[in-house]
Every structure is written in C-alpha cells, then in structure tokens.
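Q: Take this structure, written in structure tokens, and hold onto it; I'll ask about it next.
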Amino acid sequence: MHHANHFYGHAHVLARYCGLGDRHPPRINGYLQHGWNIGDGLAPGHPYAERTPSLLWSEQTRRRAWAVGRRNVVVIGAPFAYLLALRPTEPEPVEREGTIWYPFHGWEGQHVKGDHRELIARIRDTEPGPVTVCLYWHEYGMRRVRRLYEKAGFRVICHGYRGHWWRDTDPLFLDKQLTELRRHKRVASNRLTSAIFYGIAAGCEPAVYGDPMVLADEDPTFGGTARIRRQWPELHGESVHLPTAVATARAELGTDHRCAPAELRELLGWAHLQETDVDD
C-alpha cells in the first residue's frame, strides 16, 4: 500500500465502512487522494506506478487529472464522507458553541512562514464566541507557536499525528476531528483546506480570512492560493453564504459519489476479504 493511503487514518475508515473492522487495513489497490487540492488529487513530485488506479474524491478532480494525462482514475468520494455515513449523529449530542480555527500548517518537508500574532489579533476581532485553535501536529510540537495561541486564551488542541512511511498513523484522526467539529458553530481558517470542507459537511458555518501565510518552496503548478481565491471567492470572508458553501462542499468531497460497501470493496481490491482475513 502506498504510505499516503494511511494518512489521517483514511484506510482505516474505509476498512470500517467495508465491514473489515478496526484492525490494520488491507492493502489498497491504488493511490488514494489524501487531501483536498486544486490539482489532480495526488501529491506533486511523487513517483507513481503506471496503470495503478488513482482513487479521487470528486468529479472536478477527475476532470483535472484527465486534463494532465492521467487515465486510470476513479471517483469514490472522500474518506470523510464515509465517516459521516458511519457516524450520522453523535451518541450524545452537545450544544454547538464558538469556533474551531485551523491555522494553515507545514509538514516534515516544508515549513510555514507567517505572523501568528497578527493572525491571533484578527481571530480575536472576528470570532463572537469561544475559540478552539486546532494546530497540525507539526506546529503543535513547536512549543513557541503553541504557547502563542494558549497565551491568547484559546483552547489549543491537535487531532493527532497524520502518519508517515506507514508509521505512527493515528487511525482515529478523522473521528477526533468530526467530534470536535460537531461541538462548534463555526469552522475557520486562513486558507481554504480540507478542514473547511469537513466542517461544512459536519454542520458548521465556514469562514476563510486572514493572512494565508507562505509555505516554503510551495509548488505553483496548479495556481496556488491566488487561483483558489479566484475560483472559490464565495467561500472566502468572515461570513459565507451557507447554502452555497454546503453545495460546494458536497461537490468537493464527492458525497454523491460515495460507494456502497460491496462496490467500494471491489474498487479497493478487497472484494474477497472477510474480517477474519485482516491482520492485526
């Protein structure tokens, strides 16, 4: 299995949906899109084996992949859409309150440059209720950055470690994220990202505002933040038209392309597996 298929516990969610339990998921026959992006759904610059299927979130992404020469592409919807099918409601619903805010983040290979103090001031001026700041594991591990948000009086959390090279993946990453999103009225970030679309799908009012910050050596191939703001202007601002946001999130997450368990098993190469066939 390509190691990115494990990111955020995506393979684990799909295995649960397919009835294969909570244990280590079997190998996926293909490259699974692991985050919302404006390209062909896959990470730029990574080598891929020819004729191996690309398992993409949306029809829009499939069309872009086709335009750049990828042919063996299948739209299955985002793993988060399958998690919503597994968890349509919370066992003990809580009253939504405040905002969960996701600052744009870096990762092992690229760091983010930006003024966190300026962003904190903007958040304070904008958000009407209590704020939870969810830092990506990369920034959460930076005590200096984490303390800035803590000293501002925000509740600071992290959903867990994404995983890398098949190690240390938190299989409940998306579950933790869904639980937190359902606790909040609003979801916000300084860039349009997967978290915003997840929040909309989970019932939050979205907002995208503030300095988008700069990612070191950011790949400009598909147009970057400038293109995102041009193509999705309706999702940017301190207040966003909710029906439009809901429709856009449904399309970008490929909710209407979500497969039935038997069909998904076939597409992932799991058609003949039973729960007892999956290793611990």
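Numbering (my numbering), first residue to last: 288 to 567. By construction, the Cβ of each residue, glycine as well, lies at the ideal position given by its N, Cα and C atoms.
1) Assuming Lys463 and Gly440 are in contact, meaning their beta carbons sit under 8 Å apart, how far apart are those beta carbons, in whole angstroms?
2) Let me check one thing: in DSSP terms, what residues is His528 bridge-paired to?
3) So Ser341 is in the beta strand (DSSP E); what residue range does that whole segment cover?
4) Where do the N-terminal and C-terminal ends of the beta strand (DSSP E) with Thr419 fall, by residue?
5) Where do the N-terminal and C-terminal ends of the alpha helix (DSSP H) with Tyr369 fall, by residue?
6) Rank Gly296, Ala302, Ala291, Arg338 by C-alpha distance to the C-alpha of Leu555 and give the top, closest one.
7) So, do the region 379-392 and the region 469-479 have three or more beta carbon pairs nearer to each other than 8 Å?
8) Could you check if His290 is buried or exposed, using at least 16 other CB atoms within 10 Å of its CB as the buried criterion?
9) Tell me whether Lys472 sits in a helix, a strand or coil according to DSSP, three-state version.
10) Does the Cβ of Asn359 have 16 or more other Cβ atoms within 10 Å, making it buried, or fewer, making it exposed?
11) Verify whether the separation of the beta carbon atoms of Val362 and His544 is less than 8 Å.
12) Is His451 helix, strand or coil when you go by DSSP?
13) In whole angstroms, what is the alpha-carbon distance linking Pro417 and Ala489?
14) Tell me the residue span of the alpha helix (DSSP H) that contains Trp388.
15) Measuring CB to CB, does Ser596 end up less than 8 Å from Ala532?
16) Which residue marks the beginning of the alpha helix (DSSP H) containing Ile515, and which one marks its end?
17) What residue range does the alpha helix (DSSP H) around Glu377 cover?
18) For Gly486 versus Leu468, is the C-beta distance shorter than 8 Å?
19) So, with DSSP's three-state summary, where would you put Pro548?
20) What residue does the beta strand (DSSP E) around Glu492 start on, and which one ends it?
21) Can you give me the start and stop residues for the beta strand (DSSP E) that Ile444 sits inside?
22) Do Ser341 and Arg357 count as a contact pair if the criterion is CB distance below 8 Å?
23) By how many angstroms is the C-alpha of Ala298 removed from the C-alpha of Arg454?
A: Taking the geometry as given:
1) Within the sequence shown, the letter at position 176 stands for residue 463. Within the sequence shown, the letter at position 153 stands for residue 440. Incorrect: roughly 23 Å between the Cβ atoms, too far for contact.
2) Against the sequence shown, residue 528 aligns to sequence position 241. Answer is none; His528 lacks a bridge partner.
3) Within the sequence shown, the letter at position 54 stands for residue 341. Ser341: member of the beta strand (DSSP E) spanning 341-343, first to last residue.
4) Indexing the sequence shown from 1 puts residue 419 at position 132. Boundaries of the beta strand (DSSP E) around Thr419: 418-421.
5) Against the sequence shown, residue 369 aligns to sequence position 82. Note, Tyr369: alpha helix (DSSP H), 366-373.
6) Here residue 555 refers to the residue found at position 268 of the sequence shown. With distances taken between CA atoms, Leu555 lies nearest to Ala302 out of Gly296, Ala302, Ala291, Arg338.
7) The region 379-392 and the region 469-479 touch, with no fewer than 3 CB-CB distances between them shorter than 8 Å.
8) Position 3 of the sequence shown, counted from the start, is the residue given in the question as residue 290. Exposed, since its Cβ has fewer than 16 Cβ neighbours within 10 Å.
9) Mapped onto the sequence shown, residue 472 falls at position 185. In the three-state DSSP reduction, Lys472 falls in the coil class, being neither helix nor strand.
10) Start at 1 with the first residue of the sequence shown, and residue 359 comes out as number 72. Per the 10 Å Cβ criterion, exposed.
11) Along the sequence shown, one-based indexing puts residue 362 at 75. Along the sequence shown, one-based indexing puts residue 544 at 257. The answer is yes: Cβ separation under 8 Å.
12) Within the sequence shown, residue 451 is the residue found at index 164, counting from 1. In the three-state DSSP reduction, His451 falls in the strand class (E or B).
13) On the sequence shown, residue 417 is found 130 positions in, with the first residue counted as 1. On the sequence shown, residue 489 is found 202 positions in, with the first residue counted as 1. When rounded, the distance between both Cα atoms is 19 Å.
14) Start at 1 with the first residue of the sequence shown, and residue 388 comes out as number 101. Counting along the chain, Trp388 falls outside any alpha helix (DSSP H), though it belongs to the beta strand (DSSP E) covering 386-389.
15) Residue 596 is absent from the structure shown; the chain starts at 288 and stops at 567.
16) Walking along the sequence shown from the start, residue 515 turns up at place 228. Run containing Ile515: 511-518, per the alpha helix (DSSP H) assignment.
17) Here residue 377 corresponds to residue number 90 of the sequence shown, with the count starting at 1. Judged by DSSP secondary structure, Glu377 falls outside any alpha helix (DSSP H); it is assigned neither H nor E.
18) Your numbering for residue 486 matches position 199 in the sequence shown. Your numbering for residue 468 matches position 181 in the sequence shown. Cβ distance < 8 Å, so Gly486 and Leu468 count as in contact.
19) Working through the sequence shown from its first residue, we reach residue 548 at position 261. Three-state result, Pro548: helix.
20) Taking the sequence shown and counting its residues from 1, one reaches residue 492 at position 205. Where Glu492 is concerned, the enclosing beta strand (DSSP E) stretches over 492-495.
21) Stepping through the sequence shown from its first residue, residue 444 is reached at position 157. Secondary structure note for Ile444: its beta strand (DSSP E) is the uninterrupted segment 442-444.
22) Residue mapping note: residue 357 aligns to position 70 of the sequence shown, counting from 1. Residue mapping note: residue 341 aligns to position 54 of the sequence shown, counting from 1. A contact, by the Cβ cut-off of 8 Å.
23) Stepping through the sequence shown from its first residue, residue 454 is reached at position 167. Stepping through the sequence shown from its first residue, residue 298 is reached at position 11. Spanning the two alpha carbons is a distance of roughly 13 Å.
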